[in-house]
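J.: Order-wise, the sequence lines are chains A and C. 149 is the number that my numbering gives to position 149 of the first sequence; each next residue is one higher, with no gaps. 178 is the number that my numbering gives to position 178 of the second sequence; each next residue is one higher, with no gaps. Yeah, the Cβ is synthetic: ideal placement off N, Cα and C, and Gly gets one too. Got a structure here, written out as structure tokens. Questions coming.
2 protein chains.
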Amino acid sequence: MKKTKEKILDTAHQLFNEYGVADVSLRKIAATMNISHGNLIYHFKTKNDILEQLHERILIAALEENKRFKIEENPIIGLWQTAFSGFRILYDYRFFMIDLNYIMRENPALHERFKGLETVRAEMYQEAIDRAIQKGLMRQPEYSNEYIQLIERVRIFSDFWISSSAIYYSENKNKTIEHHASLFQSMFFPYLTIEGKKALNNK
Amino acid sequence: MKKTKEKILDTAHQLFNEYGVADVSLRKIAATMNISHGNLIYHFKTKNDILEQLHERILIAALEENKRFKIEENPIIGLWQTAFSGFRILYDYRFFMIDLNYIMRENPALHERFKGLETVRAEMYQEAIDRAIQKGLMRQPEYSNEYIQLIERVRIFSDFWISSSAIYYSENKNKTIEHHASLFQSMFFPYLTIEGKKALNNK
DNA sequence: AAAAAATTAGTACATTTGGTCTAAATTTAA
DNA sequence: TTAAATTTAGACCAAATGTACTAATTTTTT
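Below you can see the structure in the form of structure tokens.
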């Protein structure tokens, strides 16, 4: 009977998105779902425990969403697909990215975990770009760390486009995601070869 | 006799950088500087009042720093100079960028002000790029909104490189700033013409 | 020097929060 | 059906916070 546990996570998720992590207390969560404070504490001792569980949910959701795509022979398109599916998930859990620094500060374990995952992601990007160069879809680098810089800029964009949109836009979900997906693509555009661009237009 | 007022701002500034805005209370500020709580309240009713004053300080410091540079004939270099001088100031007030979303959420007036300033900045960037194209330093856009997208990506980078560095780096100030200044430049690199690149190397 | 204004310390109060504990109620297992 | 385990409600406490207020002290003005 883990219904309550799940409902706590659902409620916390919703309140975090609405008010920000810092402004939501365990008591507020309990009050919102009409259970006693003691009951909530029985399931989750601290807010950090809830955040860790929600982070697990994010990872699982992202993994699930990613499975829906078949393997792409064009590494750039494959990379975009992975990124976009992540975009949708993260938007649903946008409190996590908006309050990223706050969460990392309060929860060192999550901080380390998050950094580790980003390392994996960077390696994946590096491999995709290498393959794209081999296939003649992206040009050779003009200086040694050109693509390392691109990857880091892509990481920063991926980590903070939601924060940015929270400040500058208040549009609906789909518009916001599409807009930033387009921005994401535009980061790669100048590095594509003629063939690389052609391959995208045929899609 | 505004010594106390100034000292409150100094202390708040330092504590915000160290612990984050959400975790610093008015009482903590007063305790840190050994004045009574009532005294602090006399000068600043709320934390938002302090934040607004600190934001003023940021703007003034950025303006001052910017004056130190003479006008550049190369619009790209001019743009970089402005950006880098802003980088240094913002790093000193990094709490503001790290807790940007939190601050904007709690303080709608500051939120509007911040958005307004970003609009001005975007226009400045657009003008610099136009001039760079006219001078043959940057290439023509390959599609209609290519440079609008670049500018938005630059904005996101400028707003959040400090947040990113807080998560991924714990190095010293100068190294961090130099690293991200280099990343900033690399955003423009693929759009420069041969002449544009030459003009930079001669610097 | 005296009066007025500004600054400062200190007290008191209501709220919120995290944390602990107990007893009742409910569910599960024997 | 009864016993054991789990879940839930509710009370209690201590710490922190914002807010309001008063009185003392210091500074400035006249």
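Just how far apart, CA to CA, sit MET1 (chain C) and ILE35 (chain C)?
T.: In the second sequence, residue 1 (chain C) corresponds to position 1, counting from 1. In the second sequence, residue 35 (chain C) corresponds to position 35, counting from 1. At MET1 (chain C) the pLDDT is 43, less than 50, meaning the model places this residue with poor confidence; the figure from the coordinates comes in the next sentence. Going from the Cα of MET1 (chain C) to the Cα of ILE35 (chain C) covers about 16 Å.
J.: At the 8 Å Cβ level, is MET1 (chain A) part of the contact set with chain C, yes or no?
T.: Here residue 1 (chain A) refers to the residue found at position 1 when the first sequence is read from its first residue. Its pLDDT being 44, under 50, MET1 (chain A) is placed unreliably in this model, and the coordinates cannot settle the point.
J.: Which partner residues of LEU192 (chain A) appear in the DSSP bridge assignment?
T.: Counting from 1 along the first sequence, the entry for residue 192 (chain A) is found at position 192. BP columns for LEU192 (chain A) point to A:MET138.
J.: Leaving aside the five residues before and after MET183 (chain A) along the sequence, list all residues of the same chain whose C-beta is less than 8 Å from its C-beta, in chain order.
T.: Stepping through the first sequence from its first residue, residue 183 (chain A) is reached at position 183. Before going further, note that residue 183 (chain A) is Leu rather than Met in the sequence given. Around LEU183 (chain A): PHE157 and TRP161.
J.: Return the residue from the list C:GLU152, C:PHE16 and C:ASN174 that minimises the CA-CA distance to ARG88 (chain C).
T.: Within the second sequence, the letter at position 88 stands for residue 88 (chain C). It is C:ASN174.
J.: Check whether chain A comes within 8 Å of TRP80 (chain C), counting only Cβ atoms and requiring the distance to be less than that.
T.: Counting from one through the second sequence, the residue named residue 80 (chain C) turns up at place 80. It does not; no Cβ of chain A falls within 8 Å.
J.: Grab me the residues of ARG139 (chain A)'s own chain with a C-beta within less than 7 Å of its C-beta, minus the 5 sequence neighbours each way, in chain order.
T.: Here residue 139 (chain A) refers to the residue found at position 139 of the first sequence. Only TYR191 and THR193 meet the Cβ criterion.
J.: I'd like to know if the segment 93-105 of chain A and the segment 83-103 of chain C are in contact, where contact means that at least 3 CB-CB pairs between them fall below 8 Å.
T.: They touch, by the three-pair rule.
J.: Please state the DSSP three-state secondary structure of THR46 (chain A).
T.: Within the first sequence, numbered from 1, the residue matching residue 46 (chain A) stands at position 46. Residue state, collapsed to three classes: coil.
J.: Quick one: grab the DSSP three-state call for ASP10 (chain C).
T.: Residue numbering aside, residue 10 (chain C) sits at position 10 when the second sequence is read from its first letter. Helix.
J.: Quick one: list the residues of chain C neighbouring MET187 (chain A), beta-carbon separation under 8 Å, in chain order.
T.: By 1-based counting over the first sequence, the position of residue 187 (chain A) is 187. Simply ARG153.
J.: Considering only residues of the same chain and omitting the five flanking positions on each side of PRO141 (chain A), which have a CB-CB separation below 7 Å?
T.: If you number the first sequence from 1, residue 141 (chain A) lands on position 141. If we look at PRO141 (chain A) and ignore the five residues flanking it on each side, its Cβ neighbours are TYR147.
J.: If we ignore side chains and look at the alpha-carbon of each, how far apart do GLY20 (chain A) and SER164 (chain A) end up?
T.: By 1-based counting over the first sequence, the position of residue 20 (chain A) is 20. By 1-based counting over the first sequence, the position of residue 164 (chain A) is 164. Approximately 15 Å, taken between the alpha carbons.
J.: For the alpha helix (DSSP H) containing GLY20 (chain C), list its first residue and its last residue.
T.: Mapped onto the second sequence, residue 20 (chain C) falls at position 20. Looking at the DSSP string, GLY20 (chain C) is not in any alpha helix (DSSP H), and its letter there is neither H nor E.
J.: Would DSSP call LYS3 (chain C) helix, strand or coil?
T.: In the second sequence, the residue the question calls residue 3 (chain C) occupies position 3. In this structure, LYS3 (chain C) counts as helix in the three-state DSSP scheme.
J.: Determine the contact status of THR137 (chain C) and GLY78 (chain C), defining contact as a CB-CB distance below 8 Å.
T.: The residue labelled residue 137 (chain C) in the question sits at position 137 within the second sequence. The residue labelled residue 78 (chain C) in the question sits at position 78 within the second sequence. A small fix is needed here, since residue 137 (chain C) is Leu in this sequence, not Thr. Not closer than 8 Å, so no.
J.: Below 9 Å on C-beta distance, what does ALA166 (chain C) contact in chain A?
T.: Counting from one through the second sequence, the residue named residue 166 (chain C) turns up at place 166. Under the 9 Å cutoff, chain A gives ASN101, MET104 and ARG105.
J.: For ILE77 (chain A), which three-state DSSP category applies?
T.: On the first sequence, residue 77 (chain A) is found 77 positions in, with the first residue counted as 1. Residue state, collapsed to three classes: helix.
J.: Have a look at A:PHE16, A:ALA61 and A:THR82 and flag the residue whose alpha-carbon is nearest the alpha-carbon of LYS70 (chain A).
T.: Residue mapping note: residue 70 (chain A) aligns to position 70 of the first sequence, counting from 1. Among A:PHE16, A:ALA61 and A:THR82, the Cα nearest to that of LYS70 (chain A) belongs to A:THR82.
J.: Measuring only the C-alpha atoms, how far is GLU106 (chain A) from ARG113 (chain C)?
T.: For the purposes of this step, residue 106 (chain A) is taken as residue 106 along the first sequence, with counting starting at 1. For the purposes of this step, residue 113 (chain C) is taken as residue 113 along the second sequence, with counting starting at 1. Taking the straight line from one Cα to the other gives about 29 Å.
J.: Throw me the rounded Cβ distance for the ALA181 (chain A) and PHE84 (chain A) pair, which I believe falls under 8 Å.
T.: The residue you call residue 181 (chain A) lines up with position 181 of the first sequence. The residue you call residue 84 (chain A) lines up with position 84 of the first sequence. Confirmed, about 5 Å.
J.: Could you tell me if VAL120 (chain A) is buried or exposed, where buried requires 16 or more neighbouring beta carbons within 10 angstroms of its beta carbon?
T.: By one-based count along the first sequence, residue 120 (chain A) stands at place 120. Exposed.
J.: With distance defined between alpha-carbon atoms, name the residue in A:HIS13, A:GLN14 and A:ALA166 nearest to PRO108 (chain C).
T.: Within the second sequence, residue 108 (chain C) is the residue found at index 108, counting from 1. With distances taken between Cα atoms, PRO108 (chain C) lies closest to A:ALA166.
J.: Does DSSP put ASP99 (chain C) in a helix, in a strand, or in coil?
T.: Here residue 99 (chain C) refers to the residue found at position 99 when the second sequence is read from its first residue. In this structure, ASP99 (chain C) counts as coil in the three-state DSSP scheme.
J.: So is ASP130 (chain C) in contact with chain A if we call contact Cβ pairs under 8 Å?
T.: Your numbering for residue 130 (chain C) matches position 130 in the second sequence. Chain A contact via Cβ: absent.
J.: Find the residues of chain A that neighbour PHE157 (chain C), judging by a C-beta separation of less than 9 Å, and give them in chain order.
T.: Start at 1 with the first residue of the second sequence, and residue 157 (chain C) comes out as number 157. ARG153, ILE156, PHE157 and PHE160, listed in chain order.
J.: Would a check of beta-carbon distances place TYR147 (chain A) closer than 8 Å to chain C?
T.: For the purposes of this step, residue 147 (chain A) is taken as residue 147 along the first sequence, with counting starting at 1. No - not a single Cβ of chain C is within 8 Å of the one on TYR147 (chain A).
J.: Measure the C-alpha to C-alpha separation of ALA12 (chain A) and ILE50 (chain A) and round it to an integer number of angstroms.
T.: Here residue 12 (chain A) refers to the residue found at position 12 when the first sequence is read from its first residue. Here residue 50 (chain A) refers to the residue found at position 50 when the first sequence is read from its first residue. Cα-Cα distance, rounded: 8 Å.
J.: Buried or exposed: which applies to ASN201 (chain C), given that a residue is buried once 16 or more other Cβ atoms fall within 10 Å of its Cβ?
T.: Walking along the second sequence from the start, residue 201 (chain C) turns up at place 201. By the neighbour-count rule (16 or more Cβ atoms within 10 Å), ASN201 (chain C) is not buried but exposed.
J.: Quick check: what's the CA-CA separation for LYS47 (chain C) versus TYR91 (chain A)?
T.: Residue 47 (chain C) sits at position 47 when you count from the first residue of the second sequence. Residue 91 (chain A) sits at position 91 when you count from the first residue of the first sequence. Straight-line Cα distance between these residues: approximately 30 Å.
J.: Below 9 Å between beta carbons is the criterion; list the residues of the segment 108-120 of chain C that meet it against any residue of chain A, in chain order.
T.: If the cut-off is 9 Å between Cβ atoms, the segment 108-120 of chain C has HIS111, PHE114, LYS115 and GLU118 near chain A.
J.: Once you ignore the five residues that flank ALA122 (chain A) on each side, which residues in its own chain have a CB closer than 7 Å to its CB?
T.: Here residue 122 (chain A) refers to the residue found at position 122 when the first sequence is read from its first residue. Contacts found: ILE151 and ARG155.
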